[in-house]
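See below for the structure under consideration.
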Amino acid sequence: MSDKLIFRLVAVLSVVVFVVVVILNRKILPAPAVDPKSLLILPKLNAFINGTCSLLLIISLYCIKRKKIATHKKLNLTAFFLSALFLLSYIAYHWLAPQEAKFGDLNHDGLLSQGELDQAGNMRLTYLFILITHIVLAALVLPMVLLSFYFGLKMDVAKHRKITRWSFPIWLYVTVTGVVVYLLISPYYLQ
Numbered sequence: 004m005s006d007k008l009i010f011r012l013v014a015v016l017s018v019v020v021f022v023v024v025v026i027l028n029r030k031i032l033p034a035p036a037v038d039p040k041s042l043l044i045l046p047k048l049n050a051f052i053n054g055t056c057s058l059l060l061i062i063s064l065y066c067i068k069r070k071k072i073a074t075h076k077k078l079n080l081t082a083f084f085l086s087a088l089f090l091l092s093y094i095a096y097h098w099l100a101p102q103e104a105k106f107g108d109l110n111h112d113g114l115l116s117q118g119e120l121d122q123a124g125n126m127r128l129t130y131l132f133i134l135i136t137h138i139v140l141a142a143l144v145l146p147m148v149l150l151s152f153y154f155g156l157k158m159d160v161a162k163h164r165k166i167t168r169w170s171f172p173i174w175l176y177v178t179v180t181g182v183v184v185y186l187l188i189s190p191y192y193l194q
């Protein structure tokens with residue numbers, strides 16, 4: 004396959020994933036009725052997956068710096084598989100959950116009263132900043148990660164390094180902030 008064809012496939016796949024996430028996350032397609040309590044494990048699972056991916060990425064960097072290419076490859080393939088699993092779990096949760104948790108919503112009514120906003124204070128702005136950068140960078144990093152994998156598996160080291168200079172820190176940021184977002188929003192999940 005030519006690089007040009009791969010670029011097109013990566014672009015199409017990235018757009019399809021983005022559109023599916025938006026459609027299901029915004030509940031454009033109606034979700035089946037599910038007991039909300041049965042979904043509570045998914046955010047914890049997602050945080051665990053993100054944390055695991057963070058560690059795998061850091062260890063992978065350590066390994067490649069020591070020329071342990073086979074280990075680097077296995078770690079990144081595992082991180083990629085876990086990220087795909089995360090994406091499925093994330094989509095399932097946000098599609099099936101009847102109500103989104105809102106930072107500061109202490110009474111879980113889906114609305115933020117002035118008292119709740121006051122109590123959340125500047126921490127809400129911090130949370131929203133982390134969440135927004137996490138979401139935007141997660142959408143942007145997918146095509147970079149796919150191309151990094153393509154060039155890495157093809158052993159085109161020069162192109163792999165060129166893309167990975169950008170994709171690695173962004174992917175790591177997304178996985179770390181995924182855990183941070185969970186830790187910040189978890190007190191507001193309906194228990």
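Offset between the sequence shown (1-based) and this note's numbering: plus 3. Note that beta-carbon positions come from the ideal geometry of N, C-alpha and C, so glycine has one too.
Worksheet item: So, are the CB atoms of S86 and N49 less than 8 Å apart?
Response: no
Practice prompt. Compare the C-alpha of K70 against each of F10, V37, S170 and V160 and name the closest.
Written response: Answer by Cα proximity: V160.
Item to complete: Could you work out which residue in F106, S116, F171 and S63 is closest to I133 when comparing CA atoms only?
Response: F106
Worksheet item: When the Cα atoms are used, what is the spatial distance from L186 to V139?
Response: 19 Å
Worksheet entry | Local Cβ density within 10 Å of V22, reported as buried at 16 or more and exposed below that | exposed
Practice prompt. Can you grab the Cα-Cα spacing for the pair H97 / L143, in whole Å?
Written response: Using only the alpha carbons, I get a separation of about 20 Å.
Discussion item. Please report the straight-line C-alpha distance between I62 and K7, rounded to a whole angstrom.
Written reply: 31 Å
Practice prompt. Specify the secondary structure class of V37 as computed by DSSP and reduced to three states.
Written response: coil
Fill in: Nonlocal neighbours in the same chain, by C-beta distance under 6 Å from P101, ignoring five residues either side
P39
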